[in-house]
Amino acid sequence: MGDRIKVGFIGLGEVAQLMHLPLLADDQRFEIAAVTDVSPSLVAHVAERYGVRTRHASADALIADPGLDAVFILTPDHLHAPLLEQAIQAGKHVFIEKPAALTAAELRPLIELDKANSKIVFVGYMRRFAPAFTELKKRLPARKEIRHVRIRDLIRESQFFVDQSRNIFRPDDVPAEVIADGRSKTQALLKSVMGEAAPDQLRAYQVLTGLSSHSFSAMRELFGAPNSVAAARQHRGENVLVMFDYGTFTALYEAVIHDVARFDAGIEVLTMNQHFRINYDTPYVRNLPTRLEITTSDLHSTGTEIIGPFYEDAFRVELAAFHHSVTTGEKPKTLLTDSLADLELFAEVGRHFLLQGQSR
């Protein structure tokens with residue numbers, strides 16, 4: 003293989019077109035060697051746009067391709083677990099977008115399968131690779147000094163930003179039965195965790211597995227696993243509030259998906275006399291800056307240190323980490339076991355949603 007990794011893409015939708023394809027095309031450490039998607043027109047478009055010679059008719063064929071070193075799984079979430087299983091069994095390195103699976107029950111057998119795997123499985127939590135985040139981690143105070151944590155995702159959905167910044171190819175030839183089957187399988191997986199929950203409760207769990215996974219994952223890296231979920235509420239499926247008990251402090255998480263045109267995602271940490279703050283803007287407009295702000299006060303003065311701004315794309319840093327893991331054999335921090343911790347937290351939060359519904 004050498005240091006240049008031959009990559010095959012499974013799924014060529016928005017995230018592939020906005021992030022992974024252009025980044026890998028600009029990076030001499032990677033070669034986009036094969037692509038596949040359920041949309042023939044999308045496969046043709048991407049292959050022509052990026053000069054990809056091999057177009058596979060199915061994910062099965064791509065995973066079996068002996069000319070590939072690694073596969074990127076960028077499909078809808080309900081397909082992640084079965085495709086990951088195939089890729090591990092085929093002896094491929096894998097980059098898989100979060101969540102690695104929709105349920106812990108899907109992921110646990112894959113973790114067992116991965117124990118005997120000599121290849122790298124890398125779960126894509128790009129916010130944990132952003133320079134502002136890694137600077138926060140370096141500068142965090144001792145856990146006993148922390149008095150409060152606030153984590154938030156107050157966002158408008160991606161299309162508002164994408165339509166004004168990039169031309170995305172949106173195919174119209176995906177078979178209707180494929181779309182219907184995907185919705186059915188997704189609902190079945192959500193219900194395997196949430197039971198016969200109300201539609202808004204199922205939607206709230208899905209928000210956790212998608213948007214919130216970035217924040218839960220970042221929280222665990224910074225502070226470790228919480229003692230418990232102290233409380234959780236959801237409204238309309240897209241407004242979520244969770245309180246995590248860390249013993250000596252509470253971490254408050256809030257997510258709101260609405261139509262105000264902003265993307266306000268961030269982490270704040272308070273001690274008695276310091277306030278640490280990072281903010282993420284929309285990842286759908288590339289290279290927007292992030293910064294870490296640390297405000298410190300004493301009896302007589304106050305001041306704010308700004309670290310950054312950083313313009314390096316978190317996806318770019320993440321892909322460099324994937325390349326490092328593949329070429330050195332060093333395990334990444336975003337392992338399947340790490341992803342399982344998220345899914346277990348999602349299930350615990352989901353139980354609070356169900357209790358909320360019973361008390362209405």
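Residue 225 in the working numbering sits at position 223 of the sequence shown, with consecutive numbering throughout. By construction, the Cβ of each residue, glycine as well, lies at the ideal position given by its N, Cα and C atoms.
Run through DSSP, which three-state label would residue i get?
{"i": "glutamate 307", "result": "strand"}
{"i": "aspartate 300", "result": "coil"}
{"i": "tyrosine 52", "result": "helix"}
{"i": "phenylalanine 171", "result": "coil"}
{"i": "glycine 93", "result": "coil"}
{"i": "aspartate 29", "result": "coil"}
{"i": "aspartate 5", "result": "coil"}
{"i": "histidine 150", "result": "strand"}
Which residues bound the beta strand (DSSP E) around residue i?
{"i": "methionine 245", "result": "241-247"}
{"i": "glycine 197", "result": "Neither: glycine 197 is in no beta strand (DSSP E) and is coded neither H nor E."}
{"i": "threonine 38", "result": "32-38"}
Quick check: what's the CA-CA separation for residue i versus residue j?
{"i": "proline 285", "j": "arginine 158", "result": "12 Å"}
{"i": "asparagine 241", "j": "phenylalanine 163", "result": "21 Å"}
{"i": "alanine 59", "j": "aspartate 39", "result": "8 Å"}
{"i": "valine 231", "j": "aspartate 5", "result": "44 Å"}
{"i": "isoleucine 269", "j": "isoleucine 296", "result": "12 Å"}
{"i": "arginine 152", "j": "glycine 69", "result": "46 Å"}
{"i": "glutamate 147", "j": "glutamate 307", "result": "19 Å"}
{"i": "methionine 128", "j": "glutamate 332", "result": "18 Å"}
{"i": "tyrosine 87", "j": "phenylalanine 324", "result": "One detail in the question is off: residue 87 reads as glutamate in this sequence, not tyrosine. The straight-line gap from Cα to Cα measures roughly 19 Å."}
{"i": "aspartate 62", "j": "phenylalanine 171", "result": "24 Å"}
{"i": "arginine 110", "j": "glycine 226", "result": "20 Å"}
{"i": "alanine 233", "j": "phenylalanine 251", "result": "14 Å"}
Tell me whether residue i is buried or exposed, calling it buried when 16 or more other Cβ atoms sit within 10 Å of its Cβ.
{"i": "isoleucine 90", "result": "buried"}
{"i": "tyrosine 248", "result": "buried"}
{"i": "leucine 357", "result": "exposed"}
{"i": "lysine 100", "result": "buried"}
{"i": "tyrosine 207", "result": "buried"}
{"i": "leucine 301", "result": "exposed"}
{"i": "glutamine 360", "result": "exposed"}
{"i": "serine 167", "result": "exposed"}
Considering just the uninterrupted stretch of the alpha helix (DSSP H) at residue i, what are its terminal residues?
{"i": "isoleucine 113", "result": "106-117"}
If we count Cβ pairs, one from each stretch, closer than 8 Å, do we get three or more for the stretch 342-356 versus the stretch 201-215?
yes
If we count Cβ pairs, one from each stretch, closer than 8 Å, do we get three or more for the stretch 214-234 versus the stretch 249-261?
yes
Under 8 Å: do the stretch 116-132 and the stretch 315-323 share three or more Cβ pairs, one atom per stretch?
yes
Taking one C-beta from the stretch 175-189 and one from the stretch 274-285 each time, how about it: are there three or more such pairs within less than 8 Å?
no
Touch check for the stretch 191-211 and the stretch 45-56: three-plus C-beta pairs under 8 Å?
no
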